[in-house]
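Some notes on the structure that comes next.
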Amino acid sequence: MSKPSSIDAASPADDSRHAHDAQLVRRVGTGDQSALGELYDRWVRPLHALASNILHDPTEAEDVLHDVFLTLWRKSADFDTTRGHAFSWAATLTRNRAIDRLRSRSRRSELLNQAAPADLGYDESNPGADGTDSAGHLWLKEKSSAVRRALATLPGDQRDVLQLAYFGGLTQLEIAEKLSQPLGTVKARIRRGLLKLRDVLAPQL
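Take a look at the structure:
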């Protein structure tokens, strides 16, 4: 008699895992926050790895996961656990959200290529742009007054670092030293601030 394959041998454990996931999703659908927390603990690592592999940016991957788990919280009641595995659904959501961000990133790059830096007196060698992602180049398409109005809508910590970078001409390292903040913190604040500015300024582009 032939030996069972490794796939067959693993099936009972897989079935148990999928069944537990399905049970948790059903509980989330009823508004059970503890079930959502358990799903988060079970899925956060593989989903974060999936988003990171697509985006190559851990911070953006975290933002994707925030969106995904918010969707799970809102939509779990609509998911039919008899027609597919719950984790596959979450993985598909994660992949789609990450790809959407890639497309948005590509669009911002196109805006950069189409922009005329001289229109705003922007110097591409300006160290204030050092290390920021392409979202920062929304500045190239906006007048300073519009940007300053948009800045006023940001949290103070994000507004401060962006003002120093884009109006003060400081590098990220110089900003970190000036504010006595870790470089990683400054980078994260700049990135998150730029993403919020993108949403504010996008209708004007």
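The opening position of the sequence shown corresponds to residue 1 in full-length UniProt numbering, with each subsequent residue numbered one higher.
The beta carbon of each residue, even a glycine, is placed where N, CA and C say it ideally should be.
Helix, strand or coil: how does DSSP classify residue i here?
| i | result |
| --- | --- |
| Asp32 | coil |
| Thr94 | helix |
| Leu24 | helix |
| Ser180 | coil |
| Thr153 | coil |
What residue does the alpha helix (DSSP H) around residue i start on, and which one ends it?
| i | result |
| --- | --- |
| Ser170 | One point to set straight first is that residue 170 is Leu, not Ser, in the sequence displayed. Unbroken run through Leu170: none, as it is neither H nor E. |
| His85 | Where His85 is concerned, there is no enclosing alpha helix (DSSP H), given that its DSSP letter is neither H nor E. |
| Leu65 | 58-75 |
Between residue i and residue j, is the Cβ-Cβ spacing less than 9 Å?
| i | j | result |
| --- | --- | --- |
| Ala51 | Arg103 | no |
| Leu173 | Ile190 | no |
| Arg42 | Leu65 | no |
| His18 | Ala91 | no |
| Thr59 | Ala22 | no |
To the nearest whole angstrom, what separates the beta carbons of residue i and residue j, a pair I think is in contact under 8 Å?
| i | j | result |
| --- | --- | --- |
| Leu36 | Leu72 | 7 Å |
| Ala150 | Leu197 | 5 Å |
| Gly184 | Gln158 | Contact flag wrong, Cβ pair sits at about 15 Å. |
| Ser76 | Val28 | 4 Å |
| Ala61 | Leu55 | 6 Å |
Can you say whether residue i is buried or exposed, counting buried as having 16 or more other CB atoms within 10 angstroms of its CB?
| i | result |
| --- | --- |
| Arg97 | buried |
| Glu177 | exposed |
| Gly84 | exposed |
| Ser88 | exposed |
| Arg148 | exposed |
| Asp63 | buried |
| Gly121 | With a pLDDT of 35 at Gly121, under the threshold of 50, the predicted position of this residue should be treated as unreliable, though the coordinate-derived value follows. By the neighbour-count rule (16 or more Cβ atoms within 10 Å), Gly121 is not buried but exposed. |
Between residue i and chain B, is there a C-beta pair that is closer than 9 Å?
| i | result |
| --- | --- |
| Leu170 | Absent here is chain B; the protein component of the structure consists of one chain. |
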